[in-house]
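To keep things clear, I will list the structure first and then write my remarks on it.
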Amino acid sequence: GRVRTMEKVRTTCLYCGVGCQLDLNIGADGKLVKVTSEPGVIPNDGNTCVKGRFGFDFIHRDERLTVPLIREGEAFRESTWDEAFDLVARRFSGIKEKHGSEALAGLTSAKSGNEDNYIMQKFVRTQFGNNNIDHCARLCHASTVAGLARAFGSGAMTNSIDEFSDTPLIFVIGSNTTENHPVMGIKIRKAVAEGKTKLIVADPRKISLTDIAHIHLQQKPGSDVALINAMMYTIIDEKLHDRDFIKSRTEDYELMEAAVMKCPPEFAEKVSGVPAEDIRAAARLYAAAESASIVYSMGITQHTTGTDNVLSLANMAMLTGNVGKPFAGVNPLRGQNNVQGACDMGGLPDVYPGYQKVHLPESKAKFEKAWGVSLSDKPGLTVNEIMHDVGSGKIKGLYVFGENPVLSDPDTNEVVKSLKKTDFLVVQDIFLTETAELADVVLPARSFAERDGTFTNTERRVQVYREAVLAPGESKPDWEIITGVANRMGADWNYNSASEIMDEIASVTPIYGGISYERIADVGLQWPCPDKEHKGTAVLHQGKFSRGLGKFHPVDYLPQQELPDEEYPLILTTGRMLQHWHTGTMTRKSEVLHGIVPEGHIQISPADAGRLGIGPEDKVKVSTRRGEIEIAADVTDRMKEGVVFLTFHFKESPANALTIAALDPIAKIPEFKACAVKIEKI
Ligand code: SF4
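The structure is reproduced here in structure tokens:
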């Protein structure tokens, strides 16, 4: 056959916070042929998972959006960019004039680049004139940001991915690492197999890491505070705590101790179902390690006690001096590729880029000067509050960029009802998502393979992705689309490239101060990176916490919002799986991934299935007080009796029609991980 020239373009994976470096191999026709990866490259050293290797054929799908669409009655018609920009700007400006700035809000995107997120929050703050900007970090790590910022002064992962090859003890809680952060999972598995690492796993399910764990604590969903407090009770009771560290580096220890001593392991056993002796054994193992690292994810954060859960983990790390040094720390794994970056860029209602608070006069003055406008010092609304105000008619105009709340938010029947009530809904995406179908105007964006930009991975490393293939139709980079709308609303922004936007980001964001495209072309840099000579920061809080002293918090166990009862006797917990990602917009369009897992299942224990007369693959009806779905059963001893599990990838059986919108009072994160449910065989 003909010899084809293959070009390799180095990029950053789009599918999770590990941020693997991949090479897109482009054929002579300008299309993606395959994905490879090179050993020796940080952070994945040539490893990838099935999503990174096979998950990108969505790029070339015919269903990609190619031109702007404008609603006409029930259908859409195609339009030019000029017409779409004019209409969007006119309608948003009209709403602002008639109903005031508070009637507008925007959702930014943890899937898009730092530059896009920076421009989106700048757009909302300068053109809408408020701080009503949020994104799905609210649904995943809002409690991390709230909890770790209170305890340490920074909401980010304290340590680095590379360290997991040599960490003496890893405590994984509420993270199905091998499925959701697979390359991290590979590192942990390898370190345990080589005898370098002892592993404790706390998870309501038997996940694949529990197969190799030294101790598995199989707690009931919603009982984490009791479990962790009881571990700390043991550590204090048996004098295994690090008194020097507590004295020199922390404050408020006594308050925390008083709360913990109310929670002996026997009490935690009653609440969590984990034997007291196992809790003691785990506490001893954790405290005895030369250094110990805590790894967690949504199993900790997505609760009405999410912030409390995070504070408890921070307490335990400080109690044993396991923070502020290599091979230790508290390490939240970020789910989406750029959820860290979207937060860093100020895609949150209370902070500008770099977590500079909107209510502080000095930050307001700084950004007013940089952007040449006057800004609001009133913190804006969170995702759930925005959806609530959309439903009540208070918010009339909404700009959704790269999010699909119809499938991703809790209690989705209410979300659809709310979105239908907006006067004007704009959705910017690469496909006509379930949310885009409800829009007045749909704006076609480019995927990560069709433009340049940066993502910040879970270990705070800012890395580049690059234009590798031709973009479909007239689609544009997100930052360019948002700039187009902003300029029609009266701004005068003249960005020529993503790299120019990064220079502006660096100039107003101290933790990104030393980042430029030139410096991160080969290897990304970990923030804080305050100046052009700084080499980046692998381990946070060394010598001193970001807030000065680390702060202990007294945390008491509180039950989940909705406990099982006679009518809804089981606990439903939700999550993700290896082969799919989020609402399936991209992975379900990949032939390989869809081929491996074409449909969803509900996981149920053999004991519960037996009692309900349910066999493998039987169709069942799953209902809660909020909705019902039909789905096939997966009867598996990986489930604990009384608990069932669903992923939220499949629109035919949408888990979030069932979940509860009850919120953590501080972080406003919904309780995706626990609600009461009933199952019947159909
Ligand atoms: Fe992509 Fe995450 Fe898989 Fe790496 S581990 S290839 S970043 S999905």
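Using full-length UniProt numbering, the letters of the sequence shown map in sequence onto residues 218 to 899.
Ideal placement from N, C-alpha and C gives every residue a C-beta, glycine not left out.
| request: State the Cα-Cα distance for the pair A874 and E834, rounded to the nearest angstrom. | output: Translated into the one-based positions of the sequence shown, residue 874 becomes position 657. Translated into the one-based positions of the sequence shown, residue 834 becomes position 617. Looking at the backbone, the Cα of A874 and that of E834 are separated by about 21 Å.
| What is the C-beta distance between H433 and V418, in whole angstroms, given that I count them as a contact (C-beta under 8 Å)? | What you label residue 433 is simply residue 216 of the sequence shown in a count that begins at 1. What you label residue 418 is simply residue 201 of the sequence shown in a count that begins at 1. That pair is a contact at about 5 Å.
| request: Quick one: using the 10 Å Cβ neighbour count with 16 as the cut-off for buried, is residue 968 buried or exposed? | output: Given a span of 218 to 899 for the chain in the structure shown, any question on residue 968 remains unanswerable.
| query | Is E332 near W744, with beta carbons less than 7 Å apart? | reply | Here residue 332 refers to the residue found at position 115 of the sequence shown. Here residue 744 refers to the residue found at position 527 of the sequence shown. Contact: no.
| Which residues have their C-beta within less than 5 Å of a heavy atom of ligand 1, listed in chain order? | The set, ordered by position in the chain, is C230, Y232, C233, V235, C237, T265, C266, K268, G269, P399, V400.
| request: Go ahead and pull the three-state DSSP assignment for R705. | output: By 1-based counting over the sequence shown, the position of residue 705 is 488. R705 carries a helical assignment under DSSP once its states are collapsed to helix, strand and coil.
| task | Name the two residues that bound the continuous beta strand (DSSP E) containing H605. | result | For this step, residue 605 is matched to residue 388 along the sequence shown. Note, H605: premise wrong, no beta strand (DSSP E); alpha helix (DSSP H) at 600 to 609.
| task | Could you tell me which uninterrupted alpha helix (DSSP H) segments, each at least 4 residues in length, are contained entirely in the segment 733 to 765, listed from first to last along the chain? | result | Listed in chain order, nothing qualifies, since the segment 733 to 765 has no complete alpha helix (DSSP H) run of 4 or more residues.
| request: Return the CA-CA distance between L282 and A755, expressed in angstroms with no decimal places. | output: Numbered from its first residue, the sequence shown carries residue 282 at position 65. Numbered from its first residue, the sequence shown carries residue 755 at position 538. Rounded to the nearest angstrom, the two C-alpha atoms are 40 Å apart.
| query | For the 8 Å Cβ check, are there 3 or more pairs between the segment 250 to 267 and the segment 618 to 634? | reply | With the cut-off at 8 Å, the segment 250 to 267 and the segment 618 to 634 do not touch.
| Counting pairs of Cβ atoms below 8 Å between the segment 267 to 286 and the segment 679 to 690, do you hit three or more? | Three or more pairs of CB atoms, one per stretch, sit closer than 8 Å, so the segment 267 to 286 contacts the segment 679 to 690.
| To which residues of the same chain is T726 closer than 6 Å at the C-beta, ignoring the five residues directly before and after it? | The residue you call residue 726 lines up with position 509 of the sequence shown. Here T726 has P570, G571 as same chain residues with Cβ atoms under 6 Å from its own Cβ, once five neighbours each way along the sequence are excluded.
| query | So, is P256 buried or exposed, given that buried needs 16 or more other C-beta atoms within 10 angstroms? | reply | Here residue 256 refers to the residue found at position 39 when the sequence shown is read from its first residue. Exposed: under 16 other Cβ atoms inside 10 Å.
| Hey, which unbroken runs of the alpha helix (DSSP H) at 4 residues or more fall wholly within the segment 647 to 718? | DSSP runs (the alpha helix (DSSP H)) wholly in the segment 647 to 718: 695 to 705.
| request: State the Cα-Cα distance for the pair T652 and Q645, rounded to the nearest angstrom. | output: Counted from its first residue, the sequence shown places residue 652 at position 435. Counted from its first residue, the sequence shown places residue 645 at position 428. For T652 and Q645, the gap between their C-alpha atoms comes out near 10 Å.
| When the distance is taken between beta carbons, is S392 closer than 7 Å to V527? | As a first step, residue 527 is located in the sequence shown; it is residue number 310 there, counting from the start. As a first step, residue 392 is located in the sequence shown; it is residue number 175 there, counting from the start. No, they are not a contact pair.
| query | In the DSSP assignment, what residue or residues form a beta bridge with Y616? | reply | Here residue 616 corresponds to residue number 399 of the sequence shown, with the count starting at 1. Answer is G323, V643.
| request: Return the CA-CA distance between G731 and K404, expressed in angstroms with no decimal places. | output: On the sequence shown, position 514 is the one that residue 731 refers to. On the sequence shown, position 187 is the one that residue 404 refers to. Approximately 30 Å between the Cα atoms of the pair.
| request: Give the secondary structure of I287 by DSSP, where H, G and I count as helix, E and B as strand, and everything else as coil. | output: Numbered from its first residue, the sequence shown carries residue 287 at position 70. Here I287 sits in strand by DSSP.
| said: Within a Cβ cutoff of 6 Å, which residues of the same chain sit near R219, ignoring the five residues on either side of it in sequence? | reply: Indexing the sequence shown from 1 puts residue 219 at position 2. Any reading at R219 must be qualified, since the residue scores a pLDDT of 44, below 50, and its modelled position is unreliable; the value itself is stated next. Same-chain partners within the cutoff: there are none.
| said: Is the separation between the beta-carbon of V643 and that of Y616 shorter than 7 Å? | reply: Start at 1 with the first residue of the sequence shown, and residue 643 comes out as number 426. Start at 1 with the first residue of the sequence shown, and residue 616 comes out as number 399. A contact, by the Cβ cut-off of 7 Å.
| request: Kindly provide the ranges of any beta strand (DSSP E) runs that are 3 or more residues long and lie completely inside the UniProt domain "4Fe-4S Mo/W bis-MGD-type" (223 to 280), ordered along the chain. | output: For the UniProt domain "4Fe-4S Mo/W bis-MGD-type" (223 to 280), whole beta strand (DSSP E) runs of length 3 or above, ordered along the chain, are 224 to 229, 238 to 243, 249 to 253.
| Chain-order list of residues whose beta-carbon lies under 6 Å from that of E224 (same chain, five-residue window excluded) | Taking the sequence shown and counting its residues from 1, the one referred to as residue 224 is at position 7. Excluding residues within five positions, the ones whose Cβ falls inside 6 Å are I243.
| query | Which residue from I287, N397, L530, V250 puts its Cα closest to that of L655? | reply | As a first step, residue 655 must be located in the sequence shown, where it is residue number 438. Residue I287 is the option with its Cα nearest to L655.
| field | Counterpart residues of E295 in DSSP-defined beta bridges | value | Along the sequence shown, read from residue 1 onward, the residue named residue 295 stands at position 78. Here E295 is bridged, per DSSP, to L286.
| Where I432 sits in the DSSP three-state scheme | Reading the sequence shown from its first residue, position 215 is the one you call residue 432. Strand, per DSSP.
| request: Thinking Q436 and L426 are a contact (beta carbons under 8 Å), I'd like their distance in whole angstroms, please. | output: Your numbering for residue 436 matches position 219 in the sequence shown. Your numbering for residue 426 matches position 209 in the sequence shown. Rounded, the Cβ-Cβ distance is 15 Å, inconsistent with contact.
| task | Give the DSSP-derived three-state secondary structure of Y774 in the structure shown. | result | Start at 1 with the first residue of the sequence shown, and residue 774 comes out as number 557. DSSP places Y774 in coil when its eight states are reduced to three.
| query | Based on Cα-Cα distance, which residue from S807, V860, S593 lies nearest to P823? | reply | By one-based count along the sequence shown, residue 823 stands at place 606. From the listed residues S807, V860, S593, the smallest Cα separation to P823 is found for V860.
| Inter-residue spacing [alpha-carbon to alpha-carbon] between G269 and I722 | Taking the sequence shown and counting its residues from 1, the one referred to as residue 269 is at position 52. Taking the sequence shown and counting its residues from 1, the one referred to as residue 722 is at position 505. Distance between G269 and I722, taken at the CA atoms: about 28 Å.
| task | Identify whether D459 lies in helix, strand or coil by the three-state DSSP scheme. | result | The count along the sequence shown starts at 1 and reaches residue 459 at position 242. Here D459 sits in coil by DSSP.
| query | Around the C-beta of E676, are 16 or more other C-beta atoms found within 10 angstroms, so that it is buried, or is it exposed? | reply | Here residue 676 is taken as the residue at index 459 of the sequence shown, counted from 1. Buried, by the Cβ-count rule.
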